[in-house]
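>
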Amino acid sequence: MSTRRADDAARNLLASITDGEFPPRAELPPEQQLAERFGVSRLTVREGIRALAGHGVLTVRHGKRSVVNPVEEWSPLDAEVLRARGRLSGNALELPTQLVEARRAIEVEVARLAATRATDEDLSALAGTLTAMEESLADPGPRFAEADLAFHAGVVAAARNVYLAAAYRPLEQVLHVVRLETSRDPQIREHALHWHRRILEALRAHDPDRAAEQMLLHMHQTLEDIAERVGGAAFR
1 MSTRRADDAA RNLLASITDG EFPPRAELPP EQQLAERFGV SRLTVREGIR
51 ALAGHGVLTV RHGKRSVVNP VEEWSPLDAE VLRARGRLSG NALELPTQLV
101 EARRAIEVEV ARLAATRATD EDLSALAGTL TAMEESLADP GPRFAEADLA
151 FHAGVVAAAR NVYLAAAYRP LEQVLHVVRL ETSRDPQIRE HALHWHRRIL
201 EALRAHDPDR AAEQMLLHMH QTLEDIAERV GGAAFR
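Counting in UniProt numbering, the sequence shown runs from 1 upward without gaps.
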């Protein structure tokens with residue numbers, strides 16, 4: 001069985017759910033019926049259902065049909081599921097706000113630690129990502145977003161705390177999806193570059209309070225940009 005076909009089956013089923021065909025708490029049709037509809041085997045449909053169950057979208061019941069879970073039970077850490085969840089959310093800014101809150105809780109302390117632990121090699125790597133951001137500033141494509149994410153990952157690495165790194169890791173896939181969307185806006189790219197420069201300056205000065213402050217201000221700016229310039233688009 002092809003993993004790709006199972007992924008496609010999960011994606012098609014998720015689309016049917018978000019389109020309202022199978023609302024929360026509704027039972028799915030029998031697996032054979034779904035298999036015929038999607039043009040795949042029953043086993044492929046079953047694997048797709050298991051994948052969605054793993055992300056909280058469905059509850060698999062032994063000997064009974066699977067049930068669609070309420071949206072608030074869906075995983076916020078899978079990019080496909082997150083987009084689907086955003087389409088069904090009554091509050092377009094709820095998920096982006098919560099994402100920034102989670103980042104703020106982790107990355108402000110990460111910046112504080114990185115200011116005391118960053119090596120010359122760490123700072124050089126961060127400077128390289130900043131250069132990449134500068135060179136791609138006029139490009140609405142993925143290069144700027146990739147450099148942006150590499151900068152934050154570099155700060156996390158420089159903090160040298162395995163638990164904070166582990167807490168940050170699940171957010172990276174979601175951040176990748178969101179950043180690709182927000183980086184299309186030239187003003188948002190300018191804001192990100194500005195704050196990354198100030199964060200790096202604080203890290204080079206090995207000033208933990210200043211580094212934490214600059215990261216916090218960066219998070220505030222990020223939330224403002226999402227609310228004022230993007231809205232919930234990155235989650236739809």
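Cβ atoms here follow ideal geometry from the backbone N, Cα and C, with glycine treated the same way. The structure displayed is predicted, hence computed values, not measured ones.
Counting C-beta neighbours from all protein chains within 10 Å, is the total for Glu21 16 or more, i.e. buried, or is it exposed?
For the purposes of this step, residue 21 is taken as residue 21 along the sequence shown, with counting starting at 1. So Glu21 counts as exposed.
> Taking the beta carbon of Asp209 as the centre, do at least 16 other beta carbons fall within 10 Å, making it buried, or is it exposed?
One-based indexing of the sequence shown puts residue 209 at position 209. Answer is exposed; the Cβ neighbour count stays below 16.
> Kindly confirm or deny that the region 44-58 and the region 73-85 touch, where touching means at least three C-beta pairs closer than 8 Å.
The region 44-58, when compared against the region 73-85, does touch it at the 8 Å Cβ threshold.
> Quick check on the burial criterion: 16 or more other C-beta atoms within 10 angstroms. Buried or exposed for Leu28?
Taking the sequence shown and counting its residues from 1, the one referred to as residue 28 is at position 28. Label assigned to Leu28: buried.
> From the DSSP output, in three-state form, read off Val40 for me.
Counting from 1 along the sequence shown, the entry for residue 40 is found at position 40. Coil, per DSSP.
> Consult DSSP for Met219 and reduce its assignment to one of helix, strand or coil.
The residue you call residue 219 lines up with position 219 of the sequence shown. Helix, per DSSP.
> When the Cα of His218 is compared with those of Gly128, Arg189, Asp207, which residue comes out closest?
Along the sequence shown, one-based indexing puts residue 218 at 218. Selected option, being the one with the closest Cα: Arg189.
> Under 7 Å, do Val155 and Ala205 count as touching if we go by C-beta distance?
Locating residue 155 in the sequence shown gives position 155, counting from the first residue. Locating residue 205 in the sequence shown gives position 205, counting from the first residue. The answer is no: Cβ separation not under 7 Å.
> Between the Cα of His62 and the Cα atoms of Glu172, Glu73, Ala138, Arg50, which residue gives the shortest distance?
Position 62 of the sequence shown, counting from 1, holds the residue named residue 62. Nearest C-alpha to His62: Arg50.
> Quick check: what's the CA-CA separation for Thr129 versus Ala9?
Within the sequence shown, numbered from 1, the residue matching residue 129 stands at position 129. Within the sequence shown, numbered from 1, the residue matching residue 9 stands at position 9. For Thr129 and Ala9, the distance between alpha carbons rounds to 38 Å.
> So, at 7 Å on beta carbons, what are the nonlocal neighbours of Arg112 in its own chain, with the 5 sequence-adjacent residues on each side left out?
Along the sequence shown, read from residue 1 onward, the residue named residue 112 stands at position 112. These residues qualify, in order along the chain: Pro208, Ala211, Ala212.
> With respect to the alpha helix (DSSP H) encompassing Ser16, which residues constitute its N-terminal and C-terminal limits?
Translated into the one-based positions of the sequence shown, residue 16 becomes position 16. Counting along the chain, the alpha helix (DSSP H) containing Ser16 begins and ends at 3-18.
> Rounded to whole angstroms, what's the CA-CA distance from Asp185 to Gly86? Just pull it up for me.
Start at 1 with the first residue of the sequence shown, and residue 185 comes out as number 185. Start at 1 with the first residue of the sequence shown, and residue 86 comes out as number 86. Distance between the alpha carbons of Asp185 and Gly86: 20 Å.
> Could you check where the alpha helix (DSSP H) with Pro96 kicks off and where it finishes?
Here residue 96 refers to the residue found at position 96 when the sequence shown is read from its first residue. Looking at the DSSP string, the run of the alpha helix (DSSP H) that includes Pro96 is 94-117.
> Is the beta carbon of Thr44 closer than 7 Å to that of Arg11?
On the sequence shown, residue 11 is found 11 positions in, with the first residue counted as 1. On the sequence shown, residue 44 is found 44 positions in, with the first residue counted as 1. In this structure, Thr44 does not lie closer than 7 Å to Arg11 by Cβ.
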